[in-house]
Amino acid sequence: MERTAKIVGSPVMKKDAMALVTGKPVYTDDIAPGDCLVVKVLRSPHAHALVEEIRTEGAKKVPGIVTVLTWKDVPGKRFTMAGQSYPEPSPYDRLILDRRVRFVGDAVAIVAGETEAAVDRALRLIKVSYQVLEPVLDFRTAKDNPILVHPEEDWKSLCPVGADNKRNLCASGCEKDGDVEAVLKTCDYVVERTYHTKANQQAMMETFRAFTTLDPYGRLVVTASTQVPFHVRRIIAHALDIPKAKVRVIKPRIGGGFGAKQTVVAEVYPAIVTWLTGRPAKIVYSRYESQIASSPRHEMEVKVRLGADKDGMIRAIDLYTLSNTGAYGEHGPTTVGLSGHKSIPLYGNAEAFRFTYDVVYTNRMSAGAYRGYGATQGLFAVESAVNELADMLHMDPVKLREKNMVREGNVMPAYYGEVANSCALDRCMAKAKEMFGWDEKFPAKDMGNGKVRGVGVAMSMQGSAIAGLDVGSATLKLNDDGFYSLLIGAADMGTGCDTTLAQVAADCLCCDLDNIVVHGVDTDVSPYDSGSYASSTAYLTGGAVVKTCDSMIAKIMEKGAEYLNSSADEVEFDGKRVYRLDGSGEISLRDIGNRAMCSNGYALEVTESNTSPSSPPPFMVGMAEVEVDMETGAVELLDYAAVVDCGTPLNPNLTRIQTEGGLAQGIGMALYEDITYSPKGQLYENSLMQYKIPSRQDVCPIRVEFESSYEKTGPFGAKSIGEVVINTPSPAIASAVAHAAGVYIRELPITAEKVYRGMNGKG
Amino acid sequence: MEINLTLNGKKIKAQIRPDELLLDFVRSQGCRSVKRGCETANCGLCTVWLDEKPVLSCSTLAARADGRTVTTLEGVAAEAEAFGAYLAEEGAEQCGFCSPGLIMNVLAMERELSDPSEEEIKEYLAGNLCRCTGYMGQLRAIRNYLNRKGGETDGENR
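Going down the list, the protein sequences come from chains A and B. Quick note: the first sequence uses my numbering, first residue 792, plus one each step. Quick note: the second sequence uses my numbering, first residue 241, plus one each step.
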């Protein structure tokens, strides 16, 4: 049967769209049983302290309070909340409740009660005596600091990531190719700059939440707003020290994730309450908690040394990344890698590179996974340095990139030696230049009214799933009347994978989209999938769907042939019927489905898994135009043009929205979203009033086009889209501001104050 | 305390706590479309109508609804579906969590403004945050929806 893209590549509506837009009760808190205990966490007011004494008698006496748990009541085995494949690279450095608290907001006690009012009252009645300790707040002084964030002897690192808790090191390492120092010495120009990005919040509209119940078999059922249902199962089992067989995880509709929900931020609290009391329990994080005690982007300081000859050929790249994992090590060892792996390979001609990194513990909120996952931080640094190099050479940064960019067929030494088999980065640049009007606008224009307009450019790449590690799976069942059930373990978090994967299946099976019903995710039912992260779903689970459909077609032909008294090599399947090649008979899919429900010993059900030895990068180019008020330093974004190569867009509407949404998040990071702390380590931006995510008045017109390559290892030529799109705004906007105002802002966000101070020599 | 109000066209009498927020009250009455995205009146997810005017139910006491009319997305289901289809046509609902609040405000805007410009639309809806879409797809959907409606109205007027 021929496999042609008909439904793939068409802008079909998401299967759950109408339920969402009519406000149906489909999210975690909407479907929680009415008798759930309300669970809340008492949080530390200190950045670093030991709980000397904790008295809960008063709290327990409040009418309606069912349990109050302290560090004495939880298992003593350390685990990680990072949703990663086992053995996790993130260290086992957590307890559900610990005697040592490590950031302002760390969990001290868990209270469960019948009403919110009772729980709030009980929280106020818990008496805690703290031995307040000196915290490590500055990540630049954390490594080898005499104050240790994790002095405990049972701290454990499962993987060789260069971690050492006695040095405040969550990970460290160095990778290189060629002799970077020797090449830098012979370069005509060397740019050396340091860039700083903050611990931005994903700020998905639905905060962290989960509810837990016991089923009739005494198993713990966790319904959670998560991207990683199977990892939640394992992590809950580790945290509670119970067999994995005792845990079932269900993912309903999710109100956004962006990586935040790749960490098991909230699930353990109701889980232990239900496990110990037998009663249903629910936690819903306030926005305040989501801001101060969650899993934001790793703060990074990236030092770049870039060597080039006088013609602008980039010959060497040296990168040192210092990453702040905060109080716990979730995603610390892995995010840092992308700051080098997804930035250095953009430059295909470099003779040598070196990438060195340290990931340190501090007494700040623990960091986690956020769309871009380290690549965003590394690309702000490398792309900004390339822009500064171009300015130093008096060269158009587009031309500089055209000379140096990775092209299809290039080997990428800093990307595990993978070959860029599908790469339309050059076409993306050409198209962006045209749609943006780059040549007319570069570099700046004085508007004559105290305002100057400037333009900037940046490139980006990401991966498509974690090579040689991630697993995507799909199960297909043929049912009566010939409709299919597609079961997936990948988590649709609003991205639309329930629909795009069904599109892939429909084209493989030559049927209508409506002939495929999708179910995801229930760990008791769905096939194993690592989860929806690392830009994996379209590429990896999509590939699993293709494999599963191929196996299903073979089964249908086998069964159809049996009903036609033929052998499988004498028949063909066209999506609607199995027919004899000699034209002497046929049976419809509907009849096969119905007949197989009687007197049948051959299951029309298939599961296939998929993994990939490579992680083909999507690429993109972004161009920004800003207007800077030369009197105040205020920056207004006027235009943003982006061209993306994500391979084949499976659903052009959804790839477009992903791109526009990722760009808006990137614009927020570039211009608005700041993270600042009090001297005692309290986060100031603890609400959406202080933490300014862009409103619709803050984003300019975002214009998106696609220049598709074809990735042979992906489903219908697809690569990923979700993450690559967040990376270009920061460096492109910073360069646009530099061209307008002559000020290079190397610490995000780019505020009027910083620009003003830069223009007035107070930087 | 006891309040009497009309919720989605139905007269009801209810016992509430004096400090109960309208958001928690309407959810307890089964209006699960109403969402909380923050506690600081910044995100617009909890938008409902009080006497046909959009308000943030997270910062409105339920007691204020006494003797008044409260409308949630459940009360304007047909209209929500009509506009929602335009959002869905663009893929601009994405996670969908902010959709009910946005739709309540779009429908209120439609009643309040005739033929709004793009700037007016952005200003009217500035309080409705969305973290998924970057707002472009929502704007396309709103324009398409209003244009269709405009076309129909023109026809009737002639």
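No residue lacks a Cβ here, since even glycine has one placed at the ideal position from N, Cα and C.
Here the C-alpha atom of residue 1412(A) lies approximately 26 angstroms from the C-alpha atom of residue 369(B).
Looking at the DSSP output, residue 1519(A) sits in no beta bridge, so it has no partner there. The beta carbon of residue 383(B) does not come within 8 angstroms of any beta carbon belonging to chain A, so the residue lies off that interface. The alpha carbon of residue 1439(A) has as its nearest neighbour, out of 1410(A), 1460(A), 1476(A), 1467(A), the alpha carbon of 1410(A). A residue is called buried once 16 or more other Cβ atoms fall within 10 Å of its Cβ, and residue 1503(A), having fewer, is exposed. Under a criterion of Cβ atoms nearer than 7 angstroms, the residues of chain A adjacent to residue 340(B) are, in order, 814. Against chain B, the CB of residue 1480(A) has a partner CB under 8 angstroms away; the residue lies at that interface. Only residues of its own chain outside the window of five on either side were considered, and among them 1006, 1010, 1011, 1012, 1013, 1024, 1313, 1314, 1315 have a CB closer than 8 angstroms to the CB of residue 1039(A), listed in chain order. If you check the CB distance, residue 1456(A) and residue 1162(A) come in under 8 angstroms. Secondary structure at residue 318(B): helix, using DSSP grouped into helix, strand and coil. In the DSSP assignment, residue 1082(A) falls within the alpha helix (DSSP H) that extends over 1078-1083. Residue 913(A) sits close to residue 902(A), with the two beta carbons spaced by under 8 angstroms. The residues 1098, 1099, 1100, 1106, 1107, in chain order, have a CB closer than 7 angstroms to that of residue 978(A) in the same chain once the five nearest residues on each side in sequence are set aside.
When C-alpha distances from residue 338(B) are compared across 363(B), 288(B), 380(B), the shortest belongs to 288(B). A residue is called buried when at least 16 other Cβ atoms come within 10 angstroms of its Cβ; residue 827(A) meets this threshold and is buried. Between residue 1520(A) and residue 1454(A), the beta carbon gap of about 6 angstroms places them in contact (Cβ cut-off 8 angstroms). Exposure of residue 253(B) is indicated by the presence of fewer than 16 other C-beta atoms within 10 angstroms of its C-beta. For residue 331(B), the nearest beta carbon of chain A is closer than 8 angstroms to its own beta carbon. For residue 873(A), the secondary structure class from DSSP, reduced to helix, strand or coil, is strand. Taking CB atoms only, residue 1411(A) has no neighbour in chain B less than 8 angstroms away. Across the structure, residue 925(A) and residue 263(B) are spaced so that their CA atoms are roughly 42 angstroms apart. With contacts defined by Cβ atoms closer than 8 angstroms, residue 1429(A) and residue 1524(A) do not form a contacting pair.
Sorting 822(A), 1470(A), 1437(A), 940(A) by C-alpha distance to the C-alpha of residue 1120(A) places 940(A) at the top. Counting only the Cα atoms, residue 267(B) lies some 15 angstroms from residue 279(B).
In the same chain as residue 996(A), and ignoring 5 residues on each side of it, the C-beta atoms closer than 6 angstroms to its own belong to 1046, 1047, in chain order.
When the beta-carbon positions are compared, residue 1383(A) and residue 1273(A) come within less than 8 angstroms of each other.
At a cut-off of 8 angstroms between beta carbons, residue 241(B) makes no contact with chain A. The continuous alpha helix (DSSP H) containing residue 1123(A) extends over residues 1123-1132.
Contact of residue 254(B) with chain A is not assigned, every C-beta pair being separated by 8 angstroms or more. For residue 1251(A), the closest C-alpha among the options 1225(A), 1169(A), 1237(A), 1307(A) is that of 1169(A). Contact fails between the region 1347-1363 of chain A and the region 1323-1339 of chain A, because fewer than three Cβ pairs, one in each stretch, are under 8 angstroms apart. Contact annotation: in the region 1480-1508 of chain A, residues whose CB is within less than 7 angstroms of a CB in chain B are 1480, 1484, 1486, 1487, 1488, 1490, 1493. For residue 1361(A), same chain residues with a beta-carbon under 7 angstroms away, outside a window of 5 residues either side, are 1352, 1371, 1372 in chain order. By the Cβ test, the region 870-886 of chain A is not in contact with the region 1188-1200 of chain A, since fewer than three Cβ pairs between them sit closer than 8 angstroms.
Note that the C-beta distance between residue 1442(A) and residue 1291(A) is below 8 angstroms. Your pair residue 275(B) and residue 1487(A) does not check out as a contact, with CB atoms roughly 18 angstroms apart and the cut at 8 angstroms.
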